[in-house]
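Residue numbers (my numbering): 66 to 357. Ideal Cβ positions, reconstructed from N, Cα and C, are used throughout, including at glycine. Note that this is a predicted model, so its numbers are computed, not measured. Working notes, beginning with the structure itself.
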Amino acid sequence: MFKGSLVALSTPMRTDGSLDEKTFANFVDWQIKQGTNGIVPVGTTGESPTLSHAEHRRVVEIAIEVAKGRVPVMAGAGSNSTAEAIELTRHAKQAGADAALVVTPYYNKPTQEGMFLHFTAIADAVDLPIIIYNIPPRSVIDMSVETMARLARHPNIIGVKDATANLARPLHTAAACGADFVQLSGEDHTALAFNAAGGVGCISVTGNVAPSLTSAMQTAWAEGRIAEAQAIQRRLLPLHDALFSESRPGPVNYAASLLGHGTEKCRLPLAPVAEATKTRVRAAMTSAGLLN
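Shown next, in the form of structure tokens:
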């Protein structure tokens with residue numbers, strides 16, 4: 066179910082900083098029509114740190130309502146509080162999500178045993194497939210392959226979004242967790258290389274503004290058209306660079322606004338993107354054929 070190009074959706078904000086539900090609904094529909102293979106609302110790119118719990122739940126609900134089963138929905142449900150993560154995962158199940166994306170606990174820096182107990186508690190509490198989100202640059206901690214292998218024995222823990230950019234990691238993960246453990250890249254630059262090491266797709270940031278290209282790249286790879294996939298990756302490289310040149314979703318929201326998908330607004334503490342970044346994003350989108 067989870068493979069190809071999934072998109073870590075941005076969450077459109079009005080100029081006053083309020084949630085723009087209509088624009089988000091239209092954005093989800095556009096993503097699916099552009100060929101996105103799965104949608105992931107309320108991750109970091111979706112401003113999960115600044116959404117209220119009510120807003121968080123509403124974004125997940127809109128994504129599921131609009132998707133209507135056309136593609137799977139993997140709802141962000143992570144927290145550095147185990148009780149809160151359980152609550153968000155329960156809501157994801159009740160709303161009809163196909164899986165929950167649960168990040169390794171940030172800031173409080175649990176040990177490997179703490180992470181094992183955290184994810185086990187969530188998986189025991191909610192009968193919903195769980196994808197572990199391992200992103201050391203943001204959470205400070207790195208789940209070891211050994212801990213992931215222990216968690217992979219739980220029937221509700223089915224895979225990982227790996228944002229380590231360590232291309233040896235999927236090889237070791239496959240060996241420890243088994244071939245059926247779903248491995249998705251969380252880093253656009255290494256998406257194809259990750260597939261070559263055992264991955265089955267990418268939860269993409271760039272897919273917010275280039276969904277047809279990120280989907281075509283993953284499809285070409287899966288069908289053995291390697292040169293075509295590599296050509297698309299080269300075409301997207303300047304866009305990857307531009308969208309990650311400041312903390313996301315700043316550059317992503319600006320890029321989406323150029324395509325008519327809401328405003329460039331982000332909530333504080335993220336500042337408006339610099340003019341130099343805007344120039345770089347616009348140039349990259351033009352180079353990729355997304356703007357005239």
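For this session: Using DSSP bridges, identify the partner residues of N199.
Result: If you number the sequence shown from 1, residue 199 lands on position 134. DSSP, once it has assigned bridges, lists D227 as partnering N199.
Problem set entry | Nearest candidate by alpha-carbon position, reference G251, set A217, Q99, G100 and I197 | The residue labelled residue 251 in the question sits at position 186 within the sequence shown. Considering only alpha carbons, the answer is I197.
Exercise. Are there 16 or more other CB atoms within 10 angstroms of the CB of E112, so buried, or fewer, so exposed?
Worked result: Within the sequence shown, numbered from 1, the residue matching residue 112 stands at position 47. When all chains shown are included, E112 counts as buried.
Exercise. What do you get for N173, buried or exposed, if any count of 16 or more other CB atoms within 10 angstroms of its CB means buried?
Worked result: As a position in the sequence shown, residue 173 is number 108, starting the count at 1. Exposed is the call here.
Exercise. Looking only at its own chain, which residues have a Cβ that is under 6 Å from the Cβ of L153, when we skip the five neighbours before and after it?
Worked result: Counting from 1 along the sequence shown, the entry for residue 153 is found at position 88. Excluding residues within five positions, the ones whose Cβ falls inside 6 Å are A142.
Exercise. Nearest to T88 by CA position, among S322, N357 and L356, is which residue?
Worked result: Position 23 of the sequence shown, counting from 1, holds the residue named residue 88. Minimum Cα distance to T88 is reached at S322.
Problem set entry | Three-way DSSP call (helix, strand, coil) for V338 in this model | What you label residue 338 is simply residue 273 of the sequence shown in a count that begins at 1. Coil.
Problem set entry | Which of helix, strand or coil DSSP assigns to I206 | Within the sequence shown, numbered from 1, the residue matching residue 206 stands at position 141. In the structure shown, I206 sits in coil (DSSP, three-state: anything other than H, G, I, E or B).
Exercise. Do you know whose CA, among L236, P106 and M208, lies nearest P137's CA?
Worked result: To locate residue 137, count along the sequence shown from 1; it is residue 72. Of L236, P106 and M208, the residue nearest in Cα terms is P106.
For this session: Tell me whether the beta-carbon of K226 lies closer than 9 Å to the beta-carbon of N199.
Result: Looking up residue 226 in the sequence shown gives position 161. Looking up residue 199 in the sequence shown gives position 134. A contact, by the Cβ cut-off of 9 Å.
Problem set entry | Under the three-state DSSP convention, the category V274 falls into | Here the question's residue 274 lines up with position 209 in the sequence shown. DSSP places V274 in coil when its eight states are reduced to three.
For this session: My understanding is that L232 touches A353, with C-beta atoms under 8 Å, so please give their C-beta distance in whole angstroms.
Result: Taking the sequence shown and counting its residues from 1, one reaches residue 232 at position 167. Taking the sequence shown and counting its residues from 1, one reaches residue 353 at position 288. Contact between L232 and A353 does not hold, since the beta-carbon distance rounds to 24 Å and is not under 8 Å.
Exercise. Taking DSSP as the reference, what is the three-state secondary structure of S144?
Worked result: Counting from 1 along the sequence shown, the entry for residue 144 is found at position 79. Coil.
Exercise. According to DSSP, is G111 helix, strand or coil?
Worked result: By one-based count along the sequence shown, residue 111 stands at place 46. Three-state DSSP puts G111 in coil, outside helix and strand.
Problem set entry | Ranges of the alpha helix (DSSP H) found wholly within the stretch 271–320, counting only runs of at least 4 | 276–287 and 291–308
Problem set entry | Pairwise C-alpha distance: M213 and I195 | Here residue 195 refers to the residue found at position 130 of the sequence shown. Here residue 213 refers to the residue found at position 148 of the sequence shown. Cα to Cα, the separation comes out at about 12 Å.
For this session: Leaving aside the five residues before and after G243 along the sequence, list all residues of the same chain whose C-beta is less than 8 Å from its C-beta, in chain order.
Result: Mapped onto the sequence shown, residue 243 falls at position 178. Within the same chain, G243 has close Cβ partners A217.
For this session: Give every residue of the same chain whose Cβ lies closer than 7 Å to the Cβ of H183, excluding the five residues on either side of it in the sequence, and list them in chain order.
Result: Position 118 of the sequence shown holds residue 183. T147, P170 and P175, listed in sequence order.
Exercise. V267 lies in the beta strand (DSSP E); which residues open and close that run?
Worked result: Taking the sequence shown and counting its residues from 1, the one referred to as residue 267 is at position 202. Reading the sequence as shown, one finds Cys at residue 267 and not Val. Where C267 is concerned, the enclosing beta strand (DSSP E) stretches over G266 to S269.
Problem set entry | Rounded distance between the beta-carbons of V247 and G224, thought under 8 Å | Mapped onto the sequence shown, residue 224 falls at position 159. Mapped onto the sequence shown, residue 247 falls at position 182. So it is a contact: roughly 3 Å between Cβ atoms.
Exercise. Rounded to the nearest angstrom, how far is the Cβ of P276 from that of T110, given a contact under 8 Å?
Worked result: Taking the first residue of the sequence shown as 1, we reach residue 276 at position 211. Taking the first residue of the sequence shown as 1, we reach residue 110 at position 45. Not confirmed; about 14 Å, so no contact.
For this session: Determine the closest residue to A341 out of N221, E311, H156 and L356, with distance taken between C-alpha atoms.
Result: Taking the sequence shown and counting its residues from 1, the one referred to as residue 341 is at position 276. Comparing Cα positions, the closest option is E311.
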